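*Asks:* Residues 468 to 769 in the working numbering are what the sequence shown lists, from first letter to last. Questions regarding the structure given below will be posed in turn.
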Amino acid sequence: MLLGSHVGMSGKEMMLASVKEALSYGADTFMLYTGAPQNTRRKEIADLNIEAAQALMAEHGMKKFVVHAPYIINLANTVNAETYDLAVMFLKKEIERTAAMGSDTLVLHPGSHVGEGEDSGIASIVKGLNEVLTPDCNVHIALETMAGKGSEIGNRFEQLARIYDGVKWNDKLRICMDTCHLNDSGYDVKNDFEGVLKQFERYFPLSQIACIHLNDSKNELGAAKDRHENIGFGTIGFDALHSITRMNEFADTPIILETPYVTREGEKDRAFSPYRYEIAMLKKGIFDPELIEMIRKDADRA
Ligand code: FE
Ligand code: FE
Ligand code: ZN
Numbered sequence: 468m469l470l471g472s473h474v475g476m477s478g479k480e481m482m483l484a485s486v487k488e489a490l491s492y493g494a495d496t497f498m499l500y501t502g503a504p505q506n507t508r509r510k511e512i513a514d515l516n517i518e519a520a521q522a523l524m525a526e527h528g529m530k531k532f533v534v535h536a537p538y539i540i541n542l543a544n545t546v547n548a549e550t551y552d553l554a555v556m557f558l559k560k561e562i563e564r565t566a567a568m569g570s571d572t573l574v575l576h577p578g579s580h581v582g583e584g585e586d587s588g589i590a591s592i593v594k595g596l597n598e599v600l601t602p603d604c605n606v607h608i609a610l611e612t613m614a615g616k617g618s619e620i621g622n623r624f625e626q627l628a629r630i631y632d633g634v635k636w637n638d639k640l641r642i643c644m645d646t647c648h649l650n651d652s653g654y655d656v657k658n659d660f661e662g663v664l665k666q667f668e669r670y671f672p673l674s675q676i677a678c679i680h681l682n683d684s685k686n687e688l689g690a691a692k693d694r695h696e697n698i699g700f701g702t703i704g705f706d707a708l709h710s711i712t713r714m715n716e717f718a719d720t721p722i723i724l725e726t727p728y729v730t731r732e733g734e735k736d737r738a739f740s741p742y743r744y745e746i747a748m749l750k751k752g753i754f755d756p757e758l759i760e761m762i763r764k765d766a767d768r769a
């Protein structure tokens, strides 16, 4: 299995710091944002420290990682032309950065139609992807399955299939499955993941899944909320999530944790990464209900 988490990329070391962070969690892979996920300020490719990062990855036999485009990119916005134009322009650069860093997968939230309706949103996403994708592009854009919060598009597989249908170079598209989002959009990951995959296969072969976001959910099936929970502490539970990590079909697919940092009572400004603990627990295959308490105690000692 290829198990990791999202990691930061900042400071002088930039991408080298990302690889070091992933290694400190005992991860086999990782996901990074090329800058703050909420904005589009980015460093030059030359300043990302890519060579040193790749050397450290090679030293540890790390081969795959994925990049996540920032949330504010919204190709589905037909109301504000500036938002759409920025999304197209930024996405082109994000593809260049992803390729330069040595990843072939850029995860993208399809977008939100901001009140104009699903058809208009999907048409706009298709138009945008057709402006961005070229036949010689060596990066895949992995459309993420969404929770359906607000006017989000991509909470039904059928919508993702409609995007594929409209995109000329759709061999450059892939899917990123987010388990929390699937649950929140009404796909029963907890009790019937096999059935969920059967529904998926009505539109796509499983080989289209280029990345899995492994998250538990704070909300009930179909809540359309999108609030991630630590593995085993939410409504999906440890067993269903653990079994996904053991599927042969996903043996070579980056599985990325985006679970929340752990805080302590009255200490909202300090938060502790759960990833080293969650990765170890998933690899061991036994749920530890004391995990969160253990993270808090270790934080005391550090
Ligand atoms: Fe995402
Ligand atoms: Fe996600
Ligand atoms: Zn989410």
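Here a beta-carbon is modelled for each residue, glycine too, at the ideal position from N, C-alpha and C. All of these numbers come straight from a predicted model, not from anything done at the bench.
DSSP on M568, reduced to helix/strand/coil?
*Replies:* Residue state, collapsed to three classes: helix.
*Asks:* Skipping 5 residues on each side, what residues in its chain have a beta carbon closer than 6 Å to that of V486?
*Replies:* Hits under 6 Å: A520, L523, M524.
*Asks:* Let me know the secondary structure DSSP gives R731 once reduced to three states.
*Replies:* Three-state DSSP puts R731 in a strand.
*Asks:* Would you say E619 touches ligand 2, meaning its beta carbon is less than 7 Å from a heavy atom?
*Replies:* No, Cβ of E619 sits at least 7 Å from all heavy atoms of ligand 2.
*Asks:* Hey, M644 and I676 are a contact pair by Cβ (cut 8 Å); roughly how many whole angstroms apart?
*Replies:* Confirmed, about 6 Å.
*Asks:* Please list, in chain order, all residues of the same chain as E611 whose beta carbon is under 6 Å from its beta carbon, the five residues on each side excluded.
*Replies:* Contacts found: V574, H576, C643, D645.
*Asks:* Between the alpha carbons of R629 and L649, how many angstroms are there, rounded?
*Replies:* Each residue's alpha carbon lies about 18 Å from the other.
*Asks:* Helix, strand or coil: which one does DSSP assign to C604?
*Replies:* Residue state, collapsed to three classes: coil.
*Asks:* Is V574 near ligand 1, going by C-beta to nearest heavy atom under 7 Å?
*Replies:* For ligand 1, at least one heavy atom lies less than 7 Å from the Cβ of V574.
*Asks:* For L553, which beta-bridge partners are listed by DSSP?
*Replies:* For L553, which the question treats as bridged, DSSP gives no partner whatsoever.
*Asks:* Would M748 and F754 qualify as a contact pair, given that the criterion is a beta-carbon distance under 8 Å?
*Replies:* Yes, the pair counts as a contact, with Cβ atoms nearer than the cut-off.
*Asks:* What residues are listed by DSSP as bridge partners for I642?
*Replies:* Answer is L610, I676, bridged to I642.
*Asks:* Quick one: what's got a C-beta closer than 8 Å to K685's C-beta in the same chain, skipping five residues either side?
*Replies:* Excluding sequence neighbours, K685 sits near K692, R694, H695, E696, G701, T702.
*Asks:* With a cut-off of 6 Å, give the chain-ordered residues whose Cβ is closer than this to any heavy atom of ligand 2.
*Replies:* Residues with a Cβ closer than 6 Å to any heavy atom of ligand 2, in chain order: E611, D645, H680, E725.
*Asks:* Quick one: using the 10 Å Cβ neighbour count with 16 as the cut-off for buried, is R564 buried or exposed?
*Replies:* So R564 counts as buried.
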